[in-house]
Amino acid sequence: MELHQRIVSAPVDFGAVRTEFGLASDYPSEAVSEARDAVDAFAGARADRRDIPLVTIDPPGAMDLDQALCLERTDSGFLLYYAIADVAAVVRPDGPLAATSMARGQTFYLPDGTVPLHPPVLSEGTASLLPDQDRPAALWTIELDENAEPQRCSVTRALVRSRARLDYTGVQADADAGRLHPSVAALPEFGRLRIEAGLERGAITLRLPAQNVVPDGREQTDVDHWQLVVEPRTAADDWNEQVSLLTGMCAARIMLNGYDSGGRAGDVAAVAANAAPQPDGSPAVAADPHLGLLRTMPPPPPAAIESMRRTAAAVGVEWPATESVGRMLARLDPNTPAALVLMSEATGLLRGASYTLLNGQAPDTVQHSAIGAPYAHVTAPLRRLSDRFSTEICLAYCAGTEVPQWVRAGLAAAADAMRRSDAIAGKLERACIDLTESTVLAQRVGADFDAVVLREANGTRPAEIFVAAPPVLAKCSGSPPEGKRVRVRLVTADPATRTVTFDFTPPENGSHGKASDGNAPASPPA
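Residues in the sequence shown are numbered from 1 upward in steps of one, following the UniProt record's numbering.
Below, the structure is given as structure tokens:
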């Protein structure tokens with residue numbers, strides 16, 4: 001089934017969704033004034049690292065550039081410089097900008113624009129790591145061995161200057177042509193090694209079709225037209241993701257280690273030892289009380305993995321008992337029905353992601369099960385509140401200085417703000433997609449579509465299907481067989497309720513509903 005499909009667009013107004021979720025339309029004027037007048041509070045104490053040829057990799061047109069990297073191949077492995085926008089340096093802890101960002105938690109993304117964590121004059125201007133501009137940054141330095149395993153890491157305040165703004169498609173094209181920018185020439189090798197290291201740790205990566213709502217490009221005078229797409233993910237996306245994951249893992253290790261009584265916050269081996277569970281299975285924390293904010297996820301229950309093994313057998317995927325979930329999923333062709341079924345079921349293994357405080361007490365878990373290691377958010381402070389706090393903690397531990405009082409006083413509130421805003425962000429994304437799906441399909445009720453059955457019906461829960469053209473995830477009545485390609489009929493597409501439903505009728509009972517084993521080529525788009 002071809003996943004990268006587009007169909008005719010439809011006019012969609014997302015204003016009602018903004019109202020439903022109570023999203024602010026404007027930033028408070030006093031906070032905008034503070035952002036406009038912001039200056040670097042640490043200007044006189046920064047290391048000048050404008051010599052590092054940093055580059056950014058972001059989607060085309062992005063202006064809120066949090067991260068810039070330079071990756072070098074060395075005789076002993078790799079050397080990574082990763083500059084992160086130093087938001088704490090330009091946001092007063094007691095000012096209106098800090099208060100408003102605490103209330104928002106994170107940037108909310110809608111198809112027709114964003115509700116930003118910070119005013120654009122800051123997040124897309126003076127704090128953004130735009131090319132050819134001197135910028136304050138928290139500069140991570142991570143030394144890695146030949147297997148791309150971190151040996152030493154540290155973070156310090158620095159003045160940096162990005163050399164170029166790259167995008168994922170361009171990086172992939174340059175990699176394919178053998179002409180990568182020198183600052184990321186080692187990225188493919190690094191990325192492949194880090195992905196393999198993740199599989200060794202038990203990491204789980206899902207490659208499900210990611211729906212997106214994009215404008216159709218035509219000029220409108222009233223309501224814009226939008227279409228559903230599934231954007232192809234490049235290997236460059238995966239390689240670049242490993243840079244942020246590695247940095248987040250190093251940050252978590254630093255926070256778990258604290259000052260380590262000897263200032264060895266950047267000694268990865270020492271930190272890993274401190275983060276190891278105690279003999280009784282309880283999680284370890286550093287000997288001295290310290291602060292931290294981890295992104296955690298509990299391990300999946302054994303029953304869920306057993307259920308997934310039964311599903312694998314049912315759809316004809318061999319899964320040796322010694323093979324991890326992550327390795328099994330990684331070897332599947334994501335375009336096949338069996339892979340779609342198993343990755344869809346695997347979403348049930350990755351539940352319970354949250355923010356966990358470190359405050360001298362042993363938390364229930366310090367691990368992020370999808371990553372297979374302790375992890376923290378530190379790489380997107382322009383878009384995520386937690387990163388400003390976590391970065392400040394890491395800066396203090398690496399420098400051997402006190403964690404600022406504003407961090408100590410506000411860390412619990414920041415964690416609460418992230419949990420609250422995370423819940424809103426997930427529902428908001430789904431609402432925008434549901435509204436677009438139902439609007440685009442509203443004139444096609446009664447039409448037949450090709451689909452893959454992701455989950456069979458179970459009791460009162462209807463089956464779940466994926467339709468490729470347009471890319472839609474929806475409920476389906478009629479008990480279609482799991483893991484099969486089927487023909488389904490659209491029975492509901494209601495923009496008022498944002499609902500889309502299909503029906504499957506077995507071939508012997510109707511003219512639609514023929515199932516195949518998934519080996520035949522997909523039928524033409526409906």
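All C-beta atoms in this analysis are idealised placements derived from N, C-alpha and C, irrespective of residue type, glycine included.
So the alpha helix (DSSP H) residue 386 belongs to, where does it begin and stop? 385–399
Quick one: grab the DSSP three-state call for residue 481. coil
Hey, could you find the ends of the beta strand (DSSP E) residue 133 is sitting in? From DSSP, residue 133 is part of no beta strand (DSSP E); its letter is neither H nor E.
Residue 124 - DSSP class collapsed to helix/strand/coil: helix
Could you check what DSSP says for residue 373 in three-state terms: helix, strand or coil? Residue state, collapsed to three classes: strand.
Beta bridge counterpart(s) of residue 82 as assigned by DSSP: 69 and 140
The beta strand (DSSP E) with residue 212 in it runs from where to where? Note, residue 212: beta strand (DSSP E), 211–215.
Identify every run of the alpha helix (DSSP H) within the region 405–438, keeping only runs that are complete inside it and at least 4 residues long; order them along the chain. The region 405–438 contains no complete alpha helix (DSSP H) run of 4 or more residues.
Below 8 angstroms on the Cβ atoms is my contact criterion, and I expect residue 296 with residue 367 to pass it. Report the Cβ-Cβ distance as a whole number of Å. Yes, they are in contact, since the Cβ atoms of residue 296 and residue 367 sit about 6 angstroms apart, within 8 angstroms.
Identity of the residue in 232, 197, 292 and 258 nearest residue 246 by Cα: 197
Determine the contact status of residue 90 and residue 127, defining contact as a CB-CB distance below 8 angstroms. yes
Please say whether residue 186 and residue 78 have beta carbons closer to each other than 8 angstroms? In this structure, residue 186 lies closer than 8 angstroms to residue 78 by Cβ.
Counting C-beta neighbours from all protein chains within 10 Å, is the total for residue 182 16 or more, i.e. buried, or is it exposed? exposed
On a Cα-Cα basis, can you pick out the residue from 199, 44, 173 and 26 that is closest to residue 372? 199
For residue 215 and residue 322, what's the separation of their Cα atoms in angstroms? 46 angstroms
Going straight from the alpha carbon of residue 96 to that of residue 34, what length do you get? Roughly 7 angstroms between the two C-alpha positions.
Can you check DSSP and say which residues form a bridge with residue 448? 489
Is residue 152 helix, strand or coil by DSSP? strand
Alpha-carbon to alpha-carbon, residue 319 and residue 310: 10 angstroms
State yes or no: is the C-beta of residue 292 within less than 8 angstroms of the C-beta of residue 358? Residue 358 is positioned such that its CB atom lies closer than 8 angstroms to that of residue 292.
Quickly, what does DSSP pair residue 290 with across the bridge? List them, please. DSSP output for residue 290 lists no bridge partner at all.
According to DSSP, simplified to helix, strand and coil, what is residue 347? helix
What are the partner residues of residue 302, as DSSP defines its beta bridges? Paired residue(s): none; residue 302 is not in a bridge.
Please name the residue in 162, 163 and 179 whose C-alpha comes closest to that of residue 170. 179
Cβ neighbour criterion (16 or more within 10 Å) applied to residue 134: exposed
Give a yes or no on contact between the region 92–110 and the region 407–419, applying the rule of three or more CB pairs nearer than 8 angstroms. yes
Measure the CB-CB distance between residue 324 and residue 202 and report whether it falls below 8 angstroms. yes
What does DSSP give as the partner residue(s) for residue 319 in the beta ladder? Paired residues: none, contrary to the question.
Taking the alpha-carbon of residue 491 as reference, which of 400, 176 and 501 has the nearest alpha-carbon? 501
How would you call residue 369, buried or exposed, if buried means at least 16 neighbouring beta carbons within 10 angstroms? buried
What's the gap between the Cα of residue 496 and the Cα of residue 27? So the alpha carbons of these two residues sit roughly 29 angstroms apart.
Pair every Cβ in the region 423–432 with every Cβ in the region 302–317, then say whether three or more of these pairs are closer than 8 angstroms. no
Check whether the Cβ atoms of residue 435 and residue 383 sit closer than 8 angstroms, and answer yes or no. no
Inspect the CB distances between the region 226–243 and the region 435–444 and report whether three or more fall short of 8 angstroms. yes
What whole-angstrom Cβ distance do residue 101 and residue 385 have, given they're in contact under 8 angstroms? 6 angstroms
Specify the secondary structure class of residue 190 as computed by DSSP and reduced to three states. helix
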